[in-house]
Each structure stands twice: as C-alpha cells, then as structure tokens.
Amino acid sequence: MVNETFTSNISKSWMREALTARGDEQRKLHQRAADIRDKTVSRAVYFRGLIEFSNKCINDCLYCGIRKSNNAVKRYMMDKEEILDAVEFCERAGYGSVVLQSGEQKNKKFTGLISSIVGDIKKKFPKISITLCVGEQEKSVYQEFFDSGAERYLLRIETSNAEHYKKLHPKEMSFSERYRCLNDLKNIGFQVGTGVMVNAPSQTLDMLAEDILFFREIDADMIGMGPYIPHSKTPLYITIINKTESLNLTLNMIALTRIMMPDVNIAATTALQALHPKGRELGLLSGANVIMPLVTPIHYRNNYVLYDDKPCRNESSLQCANCVTERIYAIDLVPKHRVTGDSLHYINRITSHHVNEGKGVDNDS
Ligand code: 5AD
Ligand code: FES
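Counting from 1 along the sequence shown, just add 2 to a position and that's the residue number in the working numbering.
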C-alpha cells in the first residue's frame, strides 16, 4: 500500500490543487519543479533515440492507432540491419540510450529476435544503454532480454485505477497482468519506467493524483507521461478535445511528479508537441529531463501513428537530432550527449542511499 507517512504529508487535496493550478500558481508550480530538477538531477537533458521497429500488434487497446483492428495500417517489421543502422545513427548523434519500441507480440520468434538484436547492439555499441518497450511478456522472456544486455524497460501502466483500466482496454487485458509485469521487471533488475496518458476518457483528477502515488509505490525509476490524443480509427475517438486543458494537466502532472519524486528521470514526450508547437520545451520547463528524438527510418514513420497529428512524421532522424538540440539550447538547459544518463533514482536505489520525502532512508528495495 501507499506509504502512510507520505500520504499524510502530502494530501490528495493539495495534489488536486496543484493539478488544477493555472496562471501565477501554475508558473510557481512549474518553477518549483524546475528548481528541484536543477538541484537534484542538474540542468542536463538526456537523449534517448526512439526506434519504432515494428507496428505489428496483438492487442486492441481502445485508444491506440496501431491496435490490431485498425486495418488501415500497413504493418511492418524492421530487419536487424535496419535496426543496427538506426543504432549507429544514435551513436553518431551522441544519444546515451536507444529505445526499441514496438507493438506487442509474444511469440518466440519475435522475442528471440529482440534478444539477439540486443546482444548485437551491446557488442557493436557497448557504450549505448538499451531500453526496451515491447509490452507485456512472461518473466522468463524479460529475464532473457536482461541477460542479453538490455538495461531498461518502459511499460506504462496507462492508469493506476483498475476500473478505469477496463474502460481503456479490451477484456483480454488486465491491470493485474500489467502490474505483474512491472513487478517482474523490477525484480529482475531493470531500470523501470512507467507512466500514464493524461486527460484520457473517464479519467478524474483523483485518478491522476493516485497515479503519482502509484509511481512512488512501485518505486519507478523513469516516468513518461503524455496527453491522451484521440486517433480517428479507434473506438474512443471523439472529434473535439480541449487541447489547452490536456496540455496544462500534463505539464502539471510532470511538475507534481518531479516535486514528489525528485530523483527520477522524466521524459518530455513527443505527444506534448502535438498539442503545442513548443510542447516538449514546456515539459522540460516543468521539470522533465529527458527527450526522445525519433530515429525510426522516415519511410516507416507514417505507419507508426499512435495518435492523430503526431509530430516528426515527415522529418528525418538527422533533422530531429538538430531540432531537439536547438530546442534545448533555446530554453537554456544543457543537452547532454555521450552519457547514458541513468536515472539517479535507480543509482540511489541500487546503492541503497535512497532518501524520500517523509519516508526516511529506504533500504528495503
Ligand atoms: N494518445 C496518447 N498516447 C497514446 N499512446 C497510445 N495511444 C495513444 C493516444 N491515442 C501511448 C500509450 C503507450 C505509448 C507507447 O503511447 O501510453 O503506452
Ligand atoms: Fe523531429 Fe523536431 S524533433 S522535427
């Protein structure tokens, strides 16, 4: 359960207030989060080259553009060479980590191929840290990925409320299974990232507050949160969304997460930029410290569209590399190339020096 001391120090109503802050209050909230980021994990921004290597998916999430029922999508799977070329690009661009992301497949051919690619990347590019984002798998498969050399794993919980989870997913999928996955990943020794979509259908402010408490409860090392953006070929599609509301809520979620989890890595996600031309910069100014430029070859980009108006669909990896670096300089933060940028929370966790607000020294993880 969520730590009692902590929840009594920071009340839910305080969290709700922070999430709804606008105007001056909001500026103060973001500044406080940015100050904590600067003091705790510095003004460095780390890069993760995102390789969307396959859009084949066995799942049918009600919000996702590459759900299996979307027949309008041309399915692809990059081969090993193409993936290694993309990783080589990341090395040249100075990205500290590559994220291999795909739709979900559980068959041995798929998972075995991932392990083999991870092994090859480790051999050819030993300085690059490998992050996987390939969905729910058996513990033995996660172990195989880890043993092949993958260090990090991203699996968003999407929502920490089991009833809400049911509203966003088909009946074959469950909150408890996803939770099991996060636990297994943690126990195996991965640096674990999770997160939620913000302003998703049926989501309440209380749920968002509980999401942050959930991140703390599972002791996540990395957080990735983006606004929910309707995709026209999905069951949850609605024509009009309040973009300003989604943007503000996502930025406040980032700020509040930084305040409550000072030493984690938090991504300024690309989805923010679908709502505002400077969405990712705003994410960084609200306390985020990681950026994930796309490294997917340009001819696949239009087939990996999880939400409408996805940015960078017609840009090359090189254009994105230059673009993000300029954006970081423009807001006076420090683009940090050629370092893996491990989550400080993870480093603290494995060296057992972990101090949390209201929690005292945490030696039990
Ligand atoms: N809007 C915003 N984010 C989405 N994702 C999937 N579909 C959407 C959407 N319509 C996010 C999910 C998933 C991540 C890879 O992309 O949170 O975990
Ligand atoms: Fe892709 Fe700016 S990051 S075009």
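By construction, the Cβ of each residue, glycine as well, lies at the ideal position given by its N, Cα and C atoms.
Note that the coordinates shown come from a computational prediction; the quantities given were computed from them, not determined experimentally.
Item: Alpha-carbon spacing of Ile-132 relative to Lys-41, whole angstroms; Value: 27 Å
Item: Contact under 8 Å by Cβ, Gly-195 with Ile-225; Value: yes
Item: Burial state of Val-336, where buried means 16 or more other Cβ atoms lie within 10 Å; Value: exposed
Item: Sheet register partners of Tyr-155 (DSSP bridge); Value: Leu-134 and Val-194
Item: Cβ neighbour criterion (16 or more within 10 Å) applied to Ser-44; Value: exposed
Item: Best match in Glu-106, Asn-244, Pro-295 and Ile-268 for proximity to Met-255 [C-alpha to C-alpha]; Value: Ile-268
Item: Test item: CB-CB of Cys-135 and Gln-103 under 8 Å; Value: yes
Item: Residue environment, Lys-371, which counts as buried when at least 16 other CB atoms sit within 10 Å; Value: Here the chain comprises residues numbered 3 to 367, so residue 371 is not present and cannot be evaluated.
Item: heavy atom of the ligand 5AD below 7 Å from Tyr-306 C-beta; Value: no
Item: For Val-100, the first and last residue of its enclosing beta strand (DSSP E); Value: 99-104
Item: Residue ranges of each beta strand (DSSP E) within the stretch 39-113, 3 or longer; Value: 46-56 and 99-104
Item: Contacting residues, own chain, Cβ-Cβ under 6 Å from Ser-367 (five flanking each side not counted); Value: At Ser-367, the pLDDT of 31 sits below 50, so the modelled position is not reliable and the matter cannot be decided from this model.
Item: Alpha carbon of Phe-112 to alpha carbon of Tyr-78, nearest angstrom; Value: 13 Å
Item: Short Cβ contact (8 Å threshold) for Lys-108 with Ile-60; Value: yes
Item: Three or more C-beta pairs below 8 Å linking the stretch 154-171 and the stretch 182-191; Value: yes
Item: Residue from Ser-248, Glu-179 and Ser-234 whose Cα sits closest to the Cα of Thr-206; Value: Ser-248
Item: Euclidean distance between Cα positions of Ile-85 and Lys-169; Value: 35 Å
Item: CB of Leu-274 within 8 Å of CB of Gly-281, strictly; Value: yes
Item: Contact under 8 Å by Cβ, Gly-98 with Tyr-48; Value: yes
Item: Those residues which DSSP pairs with Pro-229 across a bridge; Value: Val-200
Item: Rounded C-alpha distance that separates Arg-315 from Glu-93; Value: 22 Å
Item: Closer than 6 Å to the ligand 5AD: residues, by C-beta to nearest heavy atom, in chain order; Value: Tyr-65, Cys-66, Arg-158, Glu-160, Met-199, Gly-228, Tyr-230, Ile-231, His-233, Ala-273, Leu-308 and Tyr-309
Item: Helix, strand or coil at Lys-129 [DSSP, three-state]; Value: coil
Item: Collapsed DSSP secondary structure at Asn-305 in the structure displayed; Value: coil
Item: Spatial distance of Val-357 from Glu-83 (CA atoms); Value: Below a pLDDT of 50, predicted positions are generally treated as unreliable, and Val-357, at 49, falls in that range; the measurement from the model is reported next regardless. Cα-Cα distance, rounded: 44 Å.
Item: Any non-hydrogen atom of the ligand FES closer than 7 Å to Cys-92 Cβ; Value: no
Item: Ile-240 (DSSP reduced to helix, strand or coil); Value: coil
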